[in-house]
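A.B. asks:
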Amino acid sequence: MTLIKFSPKLEKYEKLKFWINKIDKNRYYSNFGPLYKRATDEIKKDLKLKKKEVILTSSGDAALYTALLRLRKKTKKNYVILPSFSFSSDPQSIIRSNFNPYFIDIDKNSLSINIDDLKNVLRNEKNKIAAILFVSPFGKPLDIRSLNKLKKQYKVEIIYDAADAYFNFKKNLDEANFLITLSFHPTKNLPANESGCIICNKKEKKIFESIINFGHCNSGANRKINYIGFNAKFSEYDAAIFLANFFSFKKNFHNIIKKCKYFKKKFVYSNFSRVIQDFGSNWFSNKICIIYKKEKFISIKKKFKFYDIEIFSPWGLIPMHKQKIFKKFKKTNMRNTNFISKHLFAIPLNIDTSKKKFIKIINTCRKLLK
41 MTLIKFSPKL EKYEKLKFWI NKIDKNRYYS NFGPLYKRAT DEIKKDLKLK
91 KKEVILTSSG DAALYTALLR LRKKTKKNYV ILPSFSFSSD PQSIIRSNFN
141 PYFIDIDKNS LSINIDDLKN VLRNEKNKIA AILFVSPFGK PLDIRSLNKL
191 KKQYKVEIIY DAADAYFNFK KNLDEANFLI TLSFHPTKNL PANESGCIIC
241 NKKEKKIFES IINFGHCNSG ANRKINYIGF NAKFSEYDAA IFLANFFSFK
291 KNFHNIIKKC KYFKKKFVYS NFSRVIQDFG SNWFSNKICI IYKKEKFISI
341 KKKFKFYDIE IFSPWGLIPM HKQKIFKKFK KTNMRNTNFI SKHLFAIPLN
391 IDTSKKKFIK IINTCRKLLK
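Counting from 41, one number per residue, gives the positions in the sequence shown under the working numbering.
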């Protein structure tokens with residue numbers, strides 16, 4: 041039996057060559073070219089952005105790092121609050137931007153920052169907090185209006201690492217009073233190559249474009265460097281890969297949605313677990329995430345492997361506050377983070393998973409998760 045595992049699938053060369061031919065015709069290969077503009081225009085149109093701008097970057101990590109470099113220019117405060125239940129890019133970007141991460145526990149239901157813990161830290165450290173970094177867990181979108189309200193109430197900057205939430209956004213991002221970053225890594229719901237983007241106010245577009253271009257504010261022999269920047273540019277080849285996959289996955293993502301709905305309908309789950317995609321309003325992902333309270337990830341992985349299904353831990357079994365390199369930084373009590381990190385696993389749901397394999401996944405879950 042072929043092992044069922046998480047296998048990202050990008051658009052084939054036959055579709056990609058249409059965009060590559062445009063590069064050859066334009067003879068424009070580097071950054072901020074015609075395909076770059078086409079890609080940003082398509083995103084703005086798709087997300088109904090009228091007040092915001094889109095800046096594409098070489099990776100999701102680069103997008104987040106750029107946002108934090110901009111923040112470092114605006115404040116002398118030292119801490120950026122974030123959930124320990126996140127990906128390593130988040131604290132790494134904070135540290136590289138010369139801030140200190142402040143790890144906070146998550147809410148056991150939303151898997152996002154525990155708001156009670158957050159409010160306690162904001163009260164106790166109110167003059168030291170530069171920003172709050174919110175992270176979407178596995179593609180589940182956070183509520184824009186709630187984040188706006190929090191920012192206004194506590195007068196603190198917010199950066200929203202939406203990561204994998206592109207297809208799950210409500211079309212109200214124009215309302216956001218904060219920066220949003222995204223990733224288009226091949227493992228994401230909207231995959232491309234190693235690329236990402238920043239959604240920002242129009243007045244800051246040029247600033248972010250400068251930061252990702254070594255801090256340059258103009259071109260030519262007399263170009264000025266007004267910002268600490270780095271090379272995070274999104275080339276025309278990046279744009280070609282993105283555009284080929286953007287149109288394909290926009291058209292076909294309904295297959296993932298259909299499978300998720302089918303899983304919910306057919307999989308009889310009870311008190312022993314939670315299917316994360318059931319939380320709140322409808323949202324969908326190329327992975328089914330389950331918190332199994334009876335067993336830890338390590339033991340349940342062996343059982344699934346026996347049935348030729350390779351489950352995985354999306355962010356790893358060791359949360360950020362327990363990583364040796366981050367242990368010295370401040371943190372709250374991590375009761376929920378510690379438990380969920382050990383008990384959460386993801387089942388692969390590739391866009392081309394056959395019905396036969398998908399039924400096998402459901403039947404195996406019924407057998408093993410009792």
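All C-beta atoms, glycine included, are put in the ideal place defined by N, C-alpha and C.
Tell me the DSSP secondary structure of L213 in three-state form.
C.D. replies: On the sequence shown, position 173 is the one that residue 213 refers to. Helix.
A.B. asks: Per DSSP, what are the beta-bridge partners of F352 in this structure?
C.D. replies: For the purposes of this step, residue 352 is taken as the residue at position 312 of the sequence shown. BP columns for F352 point to A386.
A.B. asks: Taking the alpha-carbon positions, what's the I349 to N403 distance?
C.D. replies: Translated into positions along the sequence shown, residue 349 becomes position 309. Translated into positions along the sequence shown, residue 403 becomes position 363. So the two alpha carbons sit approximately 12 angstroms from each other.
A.B. asks: What is the DSSP secondary structure of L158, counted as helix, strand or coil?
C.D. replies: For the purposes of this step, residue 158 is taken as the residue at position 118 of the sequence shown. In this structure, L158 counts as helix in the three-state DSSP scheme.
A.B. asks: Does N149 come out as helix, strand or coil in the three-state DSSP assignment?
C.D. replies: As a position in the sequence shown, residue 149 is number 109, starting the count at 1. Coil, per DSSP.
A.B. asks: Mind checking K228: buried by the 16 CB within 10 Å criterion, or exposed?
C.D. replies: As a working mapping, residue 228 is identified with position 188 in the sequence shown. Buried, by the Cβ-count rule.
A.B. asks: Looking at C-alpha atoms only, which residue of K341, Y194 and S186 is the closest neighbour of L213?
C.D. replies: As a position in the sequence shown, residue 213 is number 173, starting the count at 1. Comparing Cα-Cα distances from L213 to each of K341, Y194 and S186, the minimum goes to S186.
A.B. asks: Relative to the C-alpha of L190, which candidate in F209, K210, N217 and D201 has its C-alpha closest?
C.D. replies: In the sequence shown, the residue the question calls residue 190 occupies position 150. The candidate whose alpha carbon is nearest that of L190 is N217.
A.B. asks: For the region 196-274, list the beta strand (DSSP E) runs that are entirely contained and at least 3 residues long, ordered along the chain.
C.D. replies: Counting whole runs of 3 or more residues, the region 196-274 contains the beta strand (DSSP E) stretches 197-203, 219-223 and 236-241.
A.B. asks: Verify whether the separation of the beta carbon atoms of K192 and K117 is less than 7 angstroms.
C.D. replies: For the purposes of this step, residue 192 is identified with residue 152 of the sequence shown, where counting begins at 1. For the purposes of this step, residue 117 is identified with residue 77 of the sequence shown, where counting begins at 1. Taking 7 angstroms as the Cβ cut-off, K192 and K117 do not qualify as a contacting pair.
A.B. asks: Where do the N-terminal and C-terminal ends of the alpha helix (DSSP H) with K106 fall, by residue?
C.D. replies: If you number the sequence shown from 1, residue 106 lands on position 66. The question names Lys, yet the displayed sequence has Thr at residue 106. First-last of the alpha helix (DSSP H) with T106: G100 to K114.
A.B. asks: When the Cα of N138 is compared with those of I268, K273 and I281, which residue comes out closest?
C.D. replies: Along the sequence shown, one-based indexing puts residue 138 at 98. For the residues I268, K273 and I281, the minimum Cα distance to N138 belongs to I268.
A.B. asks: Quick check: the Cα distance between E93 and D156, rounded to an integer number of angstroms?
C.D. replies: Against the sequence shown, residue 93 aligns to sequence position 53. Against the sequence shown, residue 156 aligns to sequence position 116. Taking the straight line from one Cα to the other gives about 33 angstroms.
A.B. asks: Is the beta carbon of I296 less than 7 angstroms from the beta carbon of I401?
C.D. replies: Taking the sequence shown and counting its residues from 1, one reaches residue 296 at position 256. Taking the sequence shown and counting its residues from 1, one reaches residue 401 at position 361. No, these two residues do not count as a Cβ contact at 7 angstroms.
A.B. asks: In three-state terms, what does DSSP make of L190?
C.D. replies: Residue 190 sits at position 150 when you count from the first residue of the sequence shown. If DSSP states are grouped into helix, strand and coil, L190 belongs with the helices.
A.B. asks: Could you give the distance in angstroms between the alpha-carbon of E165 and the alpha-carbon of E244?
C.D. replies: By one-based count along the sequence shown, residue 165 stands at place 125. By one-based count along the sequence shown, residue 244 stands at place 204. Roughly 28 angstroms separates the two Cα atoms.
A.B. asks: Leaving out five residues before and five after T97 in sequence, what residues of the same chain have Cβ atoms less than 8 angstroms from its Cβ?
C.D. replies: Working through the sequence shown from its first residue, we reach residue 97 at position 57. So the qualifying residues of the chain are A103, T106, S235, G236, C237, I238, I252, A272, K273 and F274.
A.B. asks: Leaving out five residues on either side along the sequence, give the residues of the same chain with a beta carbon under 6 angstroms from the beta carbon of S263.
C.D. replies: The residue given as residue 263 occupies position 223 in the sequence shown. It should be noted that the sequence gives Arg, not Ser, for residue 263. So the list reads H256, once near-sequence residues are dropped.
A.B. asks: So for Y69, helix, strand or coil by DSSP?
C.D. replies: Within the sequence shown, numbered from 1, the residue matching residue 69 stands at position 29. Three-state DSSP puts Y69 in coil, outside helix and strand.
A.B. asks: Could you check where the beta strand (DSSP E) with T97 kicks off and where it finishes?
C.D. replies: Here residue 97 corresponds to residue number 57 of the sequence shown, with the count starting at 1. K92 to T97 is the span of the beta strand (DSSP E), which, as asked, contains T97.
A.B. asks: What is the residue span of the alpha helix (DSSP H) that K396 lies within?
C.D. replies: Your numbering for residue 396 matches position 356 in the sequence shown. That run of the alpha helix (DSSP H) goes K395 to L408.
A.B. asks: From what residue to what residue does the beta strand (DSSP E) around P141 run?
C.D. replies: Position 101 of the sequence shown, counting from 1, holds the residue named residue 141. Here the beta strand (DSSP E) through P141 covers N140 to I144.
A.B. asks: Report the option in S128, K290 and D318 whose CA atom is closest to the CA atom of K301.
C.D. replies: By one-based count along the sequence shown, residue 301 stands at place 261. Taking only the C-alpha atoms, the option nearest K301 is D318.
A.B. asks: Anyone know if the C-beta pair for I135 and I172 falls short of 7 angstroms?
C.D. replies: Taking the first residue of the sequence shown as position 1, residue 135 is located at position 95. Taking the first residue of the sequence shown as position 1, residue 172 is located at position 132. In this structure, I172 does not lie closer than 7 angstroms to I135 by Cβ.
A.B. asks: Judging by CA-CA distance, which residue of N154, G100, K62 and K343 is the nearest neighbour of N373?
C.D. replies: In the sequence shown, the residue the question calls residue 373 occupies position 333. That would be N154, whose Cα lies nearest to the Cα of N373.
A.B. asks: Cβ of N233 within 7 angstroms of Cβ of I265?
C.D. replies: By 1-based counting over the sequence shown, the position of residue 233 is 193. By 1-based counting over the sequence shown, the position of residue 265 is 225. Not in contact: N233 and I265 (Cβ atoms no closer than 7 angstroms).
A.B. asks: Taking the C-alpha atoms as reference points, what is the distance between N311 and L109?
C.D. replies: Here residue 311 corresponds to residue number 271 of the sequence shown, with the count starting at 1. Here residue 109 corresponds to residue number 69 of the sequence shown, with the count starting at 1. With a pLDDT of only 49 at N311, under the threshold of 50, the placement of this residue in the model should not be trusted; the figure read from the coordinates follows. Each residue's Cα considered, the two are about 44 angstroms apart.
A.B. asks: Can you name the start and end residues of the beta strand (DSSP E) that I330 belongs to?
C.D. replies: Translated into the one-based positions of the sequence shown, residue 330 becomes position 290. Looking at the DSSP string, the run of the beta strand (DSSP E) that includes I330 is K327 to Y332.
A.B. asks: DSSP three-state call for L173: helix, strand or coil?
C.D. replies: Sequence index remark: in the sequence shown, residue 173 carries index 133 (1-based). L173 falls in the strand class under three-state DSSP.
A.B. asks: For N188, collect the residues of the same chain with a Cβ closer than 8 angstroms to its Cβ; drop the 5 residues on either side in sequence, then sort them by chain order.
C.D. replies: Here residue 188 refers to the residue found at position 148 of the sequence shown. Within the same chain, N188 has close Cβ partners E215, A216, N217 and F218.
A.B. asks: For the region 359-370 against the region 140-149, are there 3 or more C-beta pairs whose distance is under 8 angstroms?
C.D. replies: Counting Cβ pairs under 8 angstroms, three or more are found: they touch.
A.B. asks: Tell whether a beta-carbon distance below 7 angstroms holds between F125 and T377.
C.D. replies: As a first step, residue 125 must be located in the sequence shown, where it is residue number 85. As a first step, residue 377 must be located in the sequence shown, where it is residue number 337. A contact, by the Cβ cut-off of 7 angstroms.
A.B. asks: What does DSSP give as the partner residue(s) for P123 in the beta ladder?
C.D. replies: Taking the first residue of the sequence shown as 1, we reach residue 123 at position 83. I144, per the DSSP bridge assignment.
A.B. asks: Rounded to whole angstroms, what is the Cα-Cα separation between K341 and I365?
C.D. replies: Within the sequence shown, numbered from 1, the residue matching residue 341 stands at position 301. Within the sequence shown, numbered from 1, the residue matching residue 365 stands at position 325. C-alpha separation (whole angstroms): 27 angstroms.
A.B. asks: Among residues of its own chain, excluding the 5 on either side of L283, which ones have a beta-carbon nearer than 8 angstroms to its beta-carbon?
C.D. replies: One-based indexing of the sequence shown puts residue 283 at position 243. Counting only Cβ-Cβ distances below 8 angstroms, and skipping sequence neighbours, we find W59, L75, R78, A79 and E82.
A.B. asks: Could you please give the first and the last residue of the uninterrupted alpha helix (DSSP H) stretch that includes Q317?
C.D. replies: Residue numbering aside, residue 317 sits at position 277 when the sequence shown is read from its first letter. Looking at the DSSP string, Q317 is not in any alpha helix (DSSP H), and its letter there is neither H nor E.
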